[in-house]
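K.L.:
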Amino acid sequence: MSKSKDFTLGLISGAVVGSAIALLYAPDKGSNTRDVLSYRLSNYMDELSHLIDKLSDEKEAISEAKKQGNLVVEDARDRAENLINEAEDLLNNIEDTKTDGADDTEGTA
100 MSKSKDFTLG LISGAVVGSA IALLYAPDKG SNTRDVLSYR LSNYMDELSH
150 LIDKLSDEKE AISEAKKQGN LVVEDARDRA ENLINEAEDL LNNIEDTKTD
200 GADDTEGTA
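Number 186 in the numbering used here belongs to position 87 of the sequence shown; there are no gaps in the numbering.
1) Can you give me the Cβ contacts of residue 130 inside the same chain, cut-off strictly under 8 Å, excluding the 5 residues immediately before and after it?
2) What's the C-alpha gap between residue 134 and residue 158?
3) Who are the Cβ neighbours of residue 194 in its own chain at under 7 Å, not counting the five residues just before and after it?
4) Near residue 142, which residues of its chain fall below 8 Å by C-beta distance, leaving aside the five closest residues on each side in sequence?
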């Protein structure tokens, strides 16, 4: 394991052990401690639910932006292909005109 993973594992283990010891030596009644823990857990669950909803909304916004970006790229690609085709047609017309003009001047000379 890397040092950061070891540190994180140690930090989490220490927090769990510290919480257990704090509960064992809490100066308050067990029922009060459970009520406080239940209240805090409820608050954390509400906050976590709010964060999950927010992340879900942001995910949808990012997904929509990606979809719009793909449409813009596809449109730009189509326009570029059309411009290339038009430029090739124009070059072919110029070459044909040039060749026809050269043939006309050779015939009159």
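A virtual CB, placed ideally from N, CA and C, is assigned to each residue, including glycine.
P.N.:
Looking at the coordinates:
1) So no residue of the chain qualifies.
2) Residue 134 and residue 158: Cα-Cα distance of roughly 36 Å.
3) In the same chain as residue 194, and ignoring 5 residues on each side of it, no C-beta atom comes closer than 7 Å to its own.
4) The beta carbon of residue 142 is closer than 8 Å to none in its chain, skipping five residues each way along the sequence.
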